[in-house]
Amino acid sequence: MPNHKNDEALTTCDSQGSLSNKSRKGNIDMNIVQNKELSFHNTNFAYMEMGGQVWLTAAEVGQALEYADDKAVQRIYSRHADEFTAQMTGVVKLTTPSGKQESRVFSLRGAHLVAMFARTPKAKEFRRWVLDILDREVAHSPIAKQFSDDELCSLAWLWRASDIMLTACESVTPLLKVAEHRQVGHFHSIGQELPRSINKAREVIKRETAHIEFHPWKDDNWSRVLPHLRQEMLQ
């Protein structure tokens, strides 16, 4: 298989929708492909979902753009290959009743870039159509996991440390008032301004760590911090 300028991966799909991915960096397991449909005028895209993205075949993109030549999109890609990333295009090897066939596919962003280079009357409308789909994808897509469990544990302890310091500030503020200490205003402000932010942080961290099991017999960082984080839940 020839190398491509954007270091794209070669994806192999079978007719049942399972796939594997081989690139120069090694073997990578990918999600199951789901074949669905999108329509743009007379073009019905039997699109695939791979790696959380929608992928369209070059042939169908060309049809939507109303190119008479089914190789037109491939030529657009060849002329501008350095502007496409591996997240925008790739080559899939489909297992069909007539055997394996290679086909170039484009993600929605890749299809939009193709349409930017296209000069057909439908190109402008197609670009708007793709952007509308991207907007819907963003609006309805689940938020990817941002932190590892170890990082979440560190954030939980950061919340715990701030909670301890806030409690200490609230305890010492009356003594500073009696002593007419010059820092009394600062400590009073801490007690008034920070609780809301600390409590909001607690709710977020508690939500993101809901999958962590509490084991009271363990002596580890999670077991020491979770009782404080989930205090009202454990009572």
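In my numbering, the protein residues as written are 8 to 242. From the three backbone atoms N, C-alpha and C, an ideal C-beta is built for every residue, glycine too.
Mapping the DSSP letters down to three states, classify K107 as helix, strand or coil. Here K107 sits in strand by DSSP.
Which same chain residues end up closer than 6 Å to I197 when comparing Cβ atoms and leaving out the 5 residues on each side of it in sequence? C176
For I212, count the other beta carbons within 10 Å of its own beta carbon; 16 or more makes it buried, fewer makes it exposed. Which is it? buried
How many angstroms separate the CA atom of E215 from the CA atom of G59? 21 Å
Using only alpha-carbon positions, find the residue among L63, C160, A53 and N51 that is nearest to F221. C160
Beta-carbon within less than 6 Å of L162's beta-carbon, same chain only, minus the 5 sequence neighbours each way: which residues are those? I212
Tell me the rounded alpha-carbon separation between L26 and R203. In this prediction, L26 has a pLDDT of 31, which is less than 50 and means its spatial position is unreliable; nothing more can be read from the coordinates.
Buried or exposed for L165, going by 16 or more other Cβ atoms inside 10 Å? exposed
Please report the straight-line C-alpha distance between T180 and V232, rounded to a whole angstrom. 26 Å
What is the rounded straight-line gap between the Cα of R167 and the Cα of A208? 10 Å
Residue burial classification, H119 (beta-carbon count within 10 angstroms, cutoff 16): buried
A71 and T96 closer than 9 Å at C-beta: no
Hey, V121 and I83: beta-carbon distance below 9 Å or not? yes
Does M55 pass the burial test, meaning 16 or more other C-beta atoms within 10 Å, or should it be called exposed? Taking every protein chain shown into account, the CB of M55 has 16 or more other CB atoms within 10 angstroms, so this residue is buried.
Separation of R111 from I35, as counted between CA atoms: With a pLDDT of 24 at I35, under the threshold of 50, the modelled position of this residue cannot be trusted; read the value that follows with caution. Those two C-alpha atoms are separated by around 19 Å.
Among residues of its own chain, excluding the 5 on either side of L254, which ones have a beta-carbon nearer than 8 Å to its beta-carbon? Residue 254 lies beyond the range of the chain shown here (8 to 242); nothing can be said about it.
Use the C-beta contact count for K225: other C-beta atoms within 10 angstroms, 16 or more gives buried, fewer gives exposed. Here K225 is exposed, its C-beta having fewer than 16 other C-beta atoms within 10 Å.
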